[in-house]
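To start, the structure under review is shown below, and the notes come after it.
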Amino acid sequence: MQLQNAISQSISQALHALFGITVDASSIALQPTRKEFAGSFTFVTFPYTKQVGKGPEQIGQALGEYLKEHAKEIKDFNVVKGFLNLEVEEREWLRLFRGMMADATYGHAEPSGRNVMVEYSSPNTNKPLHLGHLRNNFLGYSVAEILKANGHEVMKVNLVNDRGIHICKSMLAYEKLGHDETPETSGLKGDHLVGKYYVLFDRAYKEQIDALVEQGMDKEEAKKKAPWMLEAQDMLLKWEQGDAHVVSLWKTMNSWVYAGFDETYRTIGVDFDKFYYESGTYTLGKELVEEGLLKEVFFKKENGSVWVDLTGEGLDEKLLLRGDGTSVYITQDLGTAQLKYDDFPYDQSVYVVADEQNYHFQVLKAALKKLGKPYAEGIYHLSYGMVDLPSGKMKSREGTVVDADELVQEMIDTARQQTEELGKIEGFTPEQAQELYHTLAMGALKYFLLKVDPKKRMLFNPQESIDFRGNTGPFVQYTHARISAILRKAGEMGIKYEPASFDNFENLHEVEQEVITQLVNFPAVVREAGNLYAPSVIANYAYELAKAYNRFYQEISIFNETDEQARSFRIALSAMVARFVRESMKLLGIEVPERM
RNA sequence: GGCCCUGUAGUUCAAUGGAUAGAAUAGGAGUUUCCUAAACUCUAGAUCCAGGUUCGAUUCCUGGCAGGGCCA
Numbered sequence: 157m158q159l160q161n162a163i164s165q166s167i168s169q170a171l172h173a174l175f176g177i178t179v180d181a182s183s184i185a186l187q188p189t190r191k192e193f194a195g196s197f198t199f200v201t202f203p204y205t206k207q208v209g210k211g212p213e214q215i216g217q218a219l220g221e222y223l224k225e226h227a228k229e230i231k232d233f234n235v236v237k238g239f240l241n242l243e244v245e246e247r248e249w250l251r252l253f254r255g256m257m258a259d260a261t262y263g264h265a266e267p268s269g270r271n272v273m274v275e276y277s278s279p280n281t282n283k284p285l286h287l288g289h290l291r292n293n294f295l296g297y298s299v300a301e302i303l304k305a306n307g308h309e310v311m312k313v314n315l316v317n318d319r320g321i322h323i324c325k326s327m328l329a330y331e332k333l334g335h336d337e338t339p340e341t342s343g344l345k346g347d348h349l350v351g352k353y354y355v356l357f358d359r360a361y362k363e364q365i366d367a368l369v370e371q372g373m374d375k376e377e378a379k380k381k382a383p384w385m386l387e388a389q390d391m392l393l394k395w396e397q398g399d400a401h402v403v404s405l406w407k408t409m410n411s412w413v414y415a416g417f418d419e420t421y422r423t424i425g426v427d428f429d430k431f432y433y434e435s436g437t438y439t440l441g442k443e444l445v446e447e448g449l450l451k452e453v454f455f456k457k458e459n460g461s462v463w464v465d466l467t468g469e470g471l472d473e474k475l476l477l478r479g480d481g482t483s484v485y486i487t488q489d490l491g492t493a494q495l496k497y498d499d500f501p502y503d504q505s506v507y508v509v510a511d512e513q514n515y516h517f518q519v520l521k522a523a524l525k526k527l528g529k530p531y532a533e534g535i536y537h538l539s540y541g542m543v544d545l546p547s548g549k550m551k552s553r554e555g556t557v558v559d560a561d562e563l564v565q566e567m568i569d570t571a572r573q574q575t576e577e578l579g580k581i582e583g584f585t586p587e588q589a590q591e592l593y594h595t596l597a598m599g600a601l602k603y604f605l606l607k608v609d610p611k612k613r614m615l616f617n618p619q620e621s622i623d624f625r626g627n628t629g630p631f632v633q634y635t636h637a638r639i640s641a642i643l644r645k646a647g648e649m650g651i652k653y654e655p656a657s658f659d660n661f662e663n664l665h666e667v668e669q670e671v672i673t674q675l676v677n678f679p680a681v682v683r684e685a686g687n688l689y690a691p692s693v694i695a696n697y698a699y700e701l702a703k704a705y706n707r708f709y710q711e712i713s714i715f716n717e718t719d720e721q722a723r724s725f726r727i728a729l730s731a732m733v734a735r736f737v738r739e740s741m742k743l744l745g746i747e748v749p750e751r752m
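All residue numbers for the first sequence refer to the numbering used here, where the first residue is 157 and numbers rise by one.
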């Protein structure tokens with residue numbers, strides 16, 4: 157990065173010296189040179205033709221000559237149309253390379269002094285996690301890691317949706333049909349056990365609706381009048397009144413679910429600094445509504461309901477509190493935003509929530525702004541699209557969901573099968589092999605879900621989507637394993653590769669320079685990923701780096717090299733690639749194996 | 001009906017307004033006495049449509065079309 161800044165500076169000077177125009181160096185953008193042309197960085201001259209009063213080629217030529225003469229970093233140049241391609245001196249690449257070797261925190265920003273809260277996962281407690289939750293969890297965890305690397309203080313929180321009609325449905329079905337079965341007696345993971353009763357409720361509920369419709373009732377009416385629905389609603393009421401029996405059942409069933417979630421979270425490698433529970437937050441927000449009325453930014457309608465007028469913001473009028481004084485979703489979200497801010501005064505609050513809530517978050521942010529809350533501006537909805545299956549949309553009630561636990565297990569089985577077919581587990585203990593399968597499975601899955609722009613819907617094909625070849629997690633992991641083998645061998649042979657061991661080395665191969673170019677990009681990539689909340693930027697980088705290295709690995713021999721300086725340099729280069737691959741993958745929540 | 005998001009090779013994904021639109025996979029042709037072939041090399045194949053802004057548009061604007069979502 158310092159290299160690009162230096163070159164931009166030189167171009168700025170050249171523009172002034174040659175043409176007498178003043179262009180700030182920070183506004184001079186360089187782009188990577190396309191690989192069919194010689195050079196590393198390209199400066200586009202088209203935008204300056206009017207100011208300078210010369211043609212794009214002329215400007216390029218003049219700039220190139222000036223830079224070759226005056227800028228010590230520039231070795232040579234060529235001009236193609238309005239594109240000035242600049243070649244960088246080899247010793248400059250090596251200087252940069254030595255610089256990153258000496259800097260253990262290369263790519264990590266200094267502490268920013270900013271607090272960022274990242275809320276993600278936020279499951280319902282009536283059923284187990286599915287594929288869509290995995291996208292959420294991986295995104296949230298990765299974004300948190302990326303923000304940390306950008307120097308922010310990060311708090312990861314999980315707002316568990318542990319109350320409401322949905323959990324009452326599971327509870328009711330359990331009371332009717334459960335026969336006191338427990339995770340222990342059934343052998344089912346707690347969240348799956350509770351999920352089973354959610355499905356059973358739905359099945360019975362549908363039958364009851366059908367029966368009522370057959371008796372001549374209107375379908376909408378039947379949905380409201382079905383006996384189990386009435387009972388579930390009654391149960392919710394009792395829960396709110398603190399009924400001992402209902403609360404006790406609720407606690408028991410939730411504890412099963414939490415045990416199940418804990419296990420899944422551990423398996424997929426995500427964690428949280430703090431949990432919030434909706435049962436503790438659902439009454440919040442009413443004070444803020446009152447505050448809004450006092451400040452006259454909210455208003456009351458005749459029936460007593462409270463609204464906010466957001467038509468000035470391009471939104472609608474939005475209900476904040478019902479006429480009978482009961483909350484709607486947005487009410488508690490207002491209160492929870494305040495609670496979170498009181499707990500951890502944040503500059504940014506990231507909500508990792510599916511894109512069906514886009515409108516909801518616009519309203520939340522706008523309403524908090526109306527209230528004049530200092531934290532409103534920092535609210536950011538990290539919206540992501542659904543994960544579709546080849547058969548279409550996942551629907552939990554129709555049983556077309558991909559269960560998270562099952563999917564992870566299938567991935568592990570696939571990893572085992574592939575590894576065994578390739579005969580790659582010689583010398584592994586059974587425990588090591590198991591660990592490797594898990595690492596590969598999670599690497600494939602996380603990489604697959606994170607390499608895509610979050611806001612796009614994505615397609616998941618269980619048969620085809622998870623590959624271990626090409627642009628995949630295991631490809632990147634494989635690169636790390638290869639390098640690990642090289643470093644082990646270097647260790648066995650007692651070969652040193654600290655900077656002093658290649659002091660006089662200077663003849664860089666093209667592929668070696670390519671690799672260094674990728675390495676140099678690392679800090680800018682981390683920053684960009686942080687600014688955009690985009691793990692995909694990191695994933696693409698890790699892939700490009702691994703690919704550049706594999707090309708190098710294929711073309712250039714390390715241990716057959718007779719020049720000791722060159723050999724040491726190549727080992728050092730490999731070690732640096734391994735380091736950035738490891739760090740990039742860590743930002744995605746993916747581990748890398750020493751061998752595979 | 002109003003608002004929001006998305007449309008790129010057969011398929012799954014890339015591309016701060018820049019060059020001949022990149023990858024992967026599937027297809028075709030190769031690379032193994034040499035550090036791990038889960039790799040590498042070559043080949044063929046795409047911007048939903050119509051306008052506009054610009055030296056230059058996959059990208060920005062307008063209007064369609066298609067898919068998805070939200071609000072009544």
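Glycine is no exception: its CB is placed at the ideal position from the N, C-alpha and C atoms.
In whole angstroms, give me the CA-to-CA distance for residue i and residue j.
i: Ala597; j: Thr205; result: 54 Å
i: Gly647; j: Ala415; result: 44 Å
i: Val682; j: Leu471; result: 35 Å
i: Phe604; j: Leu303; result: 21 Å
i: Val236; j: Phe199; result: 11 Å
i: Ala493; j: Asp623; result: 40 Å
i: Phe736; j: Phe678; result: 8 Å
i: Val208; j: Glu245; result: 28 Å
i: Ile535; j: Ala680; result: 24 Å
i: Ala218; j: Gly238; result: 12 Å
i: Glu582; j: Pro630; result: 18 Å
i: Asp358; j: Arg190; result: 57 Å
i: Tyr634; j: Thr628; result: 10 Å
i: Thr439; j: Gln488; result: 6 Å
i: Ser621; j: Glu666; result: 34 Å
i: Gly481; j: Tyr507; result: 27 Å
i: Leu615; j: Gln214; result: 49 Å
i: Ser166; j: Ala522; result: 45 Å
i: Tyr262; j: Val453; result: 48 Å
For residue i, which residues of its own chain have a beta-carbon under 6 Å away from its beta-carbon, when the five flanking residues on both sides are left out?
i: Ile230; result: Leu223, Lys224, Leu242
i: Leu171; result: Ile177, Val179
i: Tyr497; result: Tyr531
i: Pro691; result: Ser298, Leu606, Leu744
i: Phe774; result: Residue coverage of the chain in this structure runs from 157 to 752, which leaves residue 774 outside it and unanswerable.
Can you name the residues that DSSP bridges to residue i?
i: Pro188; result: Phe197
i: Glu309; result: Asn271
i: His286; result: Asp559
i: His537; result: Tyr507
i: Asp544; result: Leu615
i: Asp465; result: Glu473
i: Gln230; result: As written in the sequence, residue 230 is Ile, which differs from the Gln given in the question. Ile230 pairs with Val244.
i: Tyr354; result: Note: Tyr354 sits in no beta bridge, so no partner.
i: Tyr775; result: Only positions 157 to 752 of the chain appear in this structure, which leaves residue 775 out of reach.
i: Lys430; result: Val313
i: Asn280; result: Asn317
Note down, in chain order, each residue of its chain lying with its Cβ closer than 7 Å to the Cβ of residue i, except the 5 sequence neighbours on either side.
i: Arg478; result: Ser461, Val484
i: Pro501; result: Asn271
i: Gln364; result: Ala382, Pro383, Trp384
i: Leu328; result: Phe357, Trp384, Glu387, Ala388, Met391
i: Arg738; result: His636, Val748
i: Asp232; result: Lys224, Glu243
Whose C-beta lies closer than 8 Å to the C-beta of residue i among residues of the same chain, with five residues either side of it excluded?
i: Lys611; result: Asp511, Ser539, Tyr540, Gly541
i: Lys381; result: Leu368, Met373
i: Gln169; result: His226
i: Glu717; result: Arg723, Arg726
i: Thr379; result: According to the sequence shown, residue 379 is Lys rather than Thr. Taken in chain order, the residues that qualify are Ile365, Met385.
To the nearest whole angstrom, what separates the beta carbons of residue i and residue j, a pair I think is in contact under 8 Å?
i: Asn317; j: Thr281; result: 7 Å
i: Ala637; j: Arg751; result: 5 Å
i: Lys742; j: Glu301; result: 7 Å
May I ask you to verify whether the segment 687-705 touches the segment 316-334, counting CB pairs closer than 8 Å and requiring at least 3?
no
Kindly confirm or deny that the segment 557-564 and the segment 420-428 touch, where touching means at least three C-beta pairs closer than 8 Å.
yes
Quick one: any contact between the segment 345-353 and the segment 401-416, if contact means 3 or more CB pairs under 8 Å?
yes
Contact between the segment 658-678 and the segment 253-272 (3+ Cβ pairs under 8 Å)
yes
Would you call the segment 709-724 and the segment 333-347 touching, i.e. three or more CB-CB distances under 8 Å?
no
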